[in-house]
Amino acid sequence: MPEGHTIHRLARDHHRDFAGERLTVSSPQGRFVDGAKLLTGRTLKSVEAHGKHLFYNWSAGKTLHVHLGLYGKFRLHRPPIPEPRGQVRLRVVGSEKAFDLNGPNTCRVITAKERAAVQARLGADPLRDDGDFEQVWSRIGSSRAAIGTLLLNQSVIAGVGNIYRSEVLHLLGIHPETPGQSLDRQQINSLWSELKALLEIGVKYNRIIIAEPSEIGKPRSRMNRDERLLVYKQPVCSRCDTEIEDWLLGGRRVFACPKCQLR
DNA sequence: TTGATTGTTACCGG
DNA sequence: TCCGGTAACAATCA
């Protein structure tokens, strides 16, 4: 479900909806009981996103680390709060709203040291102010691995997932199997700035919207739901009508136009 | 019931 | 050390 845009939006919304008040934290299915005990009755101070990771900073210096993985999902509630649906790992209840967390890859209370270790393994995040292009350039420009694999590696760029990797490479006409070190600085710079722009659009509209450069700025009707992805799971190329190819790269299905994205 | 999935980690071998 | 491949884990839905 989530790439970086979803996570940053969640951080923003959860901060808006829950920060500053005493919260009740529980673990309806009995998992994460110790963590829930540590947090309940405390105040949420801030919520921060780095790539696909969420860090909830609570009073008394506690940090809740959440990673949704493939299946993780938040459900937002208003009173009356419904019965838990499925395996609810974490339930947070405030005065106006509540949320449940199902199926996360990670949900745990961590120390400042553990948090630093998590973030040390994450690369630059295009949605963060501290996202550093020089770090991205040095990682990609010196690697023999395929750019399609590097874009999924969260220690290279944090927040890109399987949809954005295919879409950004298609927009820039780069073949996914191209080794990172055979891209020039200009191309890597374009990758970085394009990802930043795409992710910001994703945060704004709460879904992934890929527009052809020629479509940007045109009336909304040109950007309807059918046009939001240009290669990912598409039958033909939006530019040249050639059949889209797909294969496994880095353990995930990648999509590319054989004509617009030459090796 | 089967297959697929907007993810990550650990481990092994080259 | 880098890099690719595989398995394991998480949960839901068509």
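Numbering (the numbering used here), first residue to last: -18 to 244.
Heads up, the beta-carbon is just placed ideally off N, CA and C, and yes, glycines get one too.
None of these values were measured; they are calculated from a predicted model.
The beta strand (DSSP E) with residue i in it runs from where to where?
i	result
Ser136	Per DSSP, Ser136 belongs to no beta strand (DSSP E) and is neither H nor E.
Asn86	From DSSP, Asn86 is part of no beta strand (DSSP E); its letter is neither H nor E.
Arg166	First-last for Arg166: Arg166 to Tyr186, but that is the alpha helix (DSSP H), not the beta strand (DSSP E).
Arg70	Val69 to Val74
Val14	Here Val14 belongs to no beta strand (DSSP E); instead the alpha helix (DSSP H) covers Val14 to Leu20.
His46	Thr44 to His48
Val235	Arg233 to Ala237
Val230	The sequence as given places Leu at residue 230; Val does not occur at that position. Element bounds for Leu230: Glu226 to Leu230.
May I ask you to report which of helix, strand or coil DSSP gives residue i?
i	result
Glu2	coil
Tyr145	helix
Leu35	strand
Ser163	helix
Arg(-3)	helix
Glu77	coil
Arg59	coil
Thr24	strand
Ser40	helix
Gly(-15)	helix
Ala30	strand
Ala126	coil
Ala105	strand
Near residue i, what residues of its chain come up, given a Cβ to Cβ distance below 6 Å and the 5 sequence neighbours on each side ignored?
i	result
Phe262	Any answer about residue 262 is impossible in this case: the structure gives the chain only from -18 up to 244.
Gly232	none
His(-14)	Leu180, Gly183 and Val184
Name the residue from the options whose alpha carbon lies nearest to the alpha carbon of residue i.
i	options	result
Arg244	Gly154, Leu211 and Arg234	Gly154
Glu77	Thr5, Arg(-10), Leu230 and Ile191	Thr5
Glu(-16)	Ala41, Leu176 and Asn38	Leu176
Arg146	Gly84, Leu45 and Leu211	Leu211
Val73	Ile91, Gly140 and Thr24	Thr24
Asp227	Cys221, Gln215, Leu19 and Leu132	Gln215
Val99	Ser124, His58, Val47 and Tyr52	Val47
Arg109	Leu19, Ile138 and Arg66	Ile138
Leu35	Leu103, Arg66, Gly1 and Gln10	Leu103
Leu49	Cys221, Asp165 and Ala(-8)	Ala(-8)
Leu164	Pro107, Gly122, Asn187 and His58	Gly122
Please classify residue i as buried or exposed, where buried requires at least 16 neighbouring CB atoms within 10 angstroms.
i	result
Ser7	buried
Gln68	exposed
Lys33	buried
Glu17	The sequence shown places Ala at residue 17, not Glu. Result: buried.
Ile169	buried
Ile189	buried
Gly140	buried
Gln135	buried
Arg120	buried
Arg(-3)	exposed
Asp81	buried
Ala296	Within the shown structure, residues of the chain are numbered from -18 to 244, placing residue 296 beyond reach of any answer.
Asn143	buried
Cys88	buried
Leu150	buried
Pro60	exposed
Gly11	exposed
Glu64	exposed
Below 7 Å CB to CB, which residues in the same chain sit around residue i once its five sequence neighbours on both sides are set aside?
i	result
Val217	Thr223, Glu224 and Ile225
Val14	Ser8
His156	Ala237, Gln242, Leu243 and Arg244
Ile62	Val74 and Ala79
Locate the alpha helix (DSSP H) running through residue i, then write down its first and last residues.
i	result
Phe114	Phe114 to Gly122
Ala93	Ala93 to Ala101
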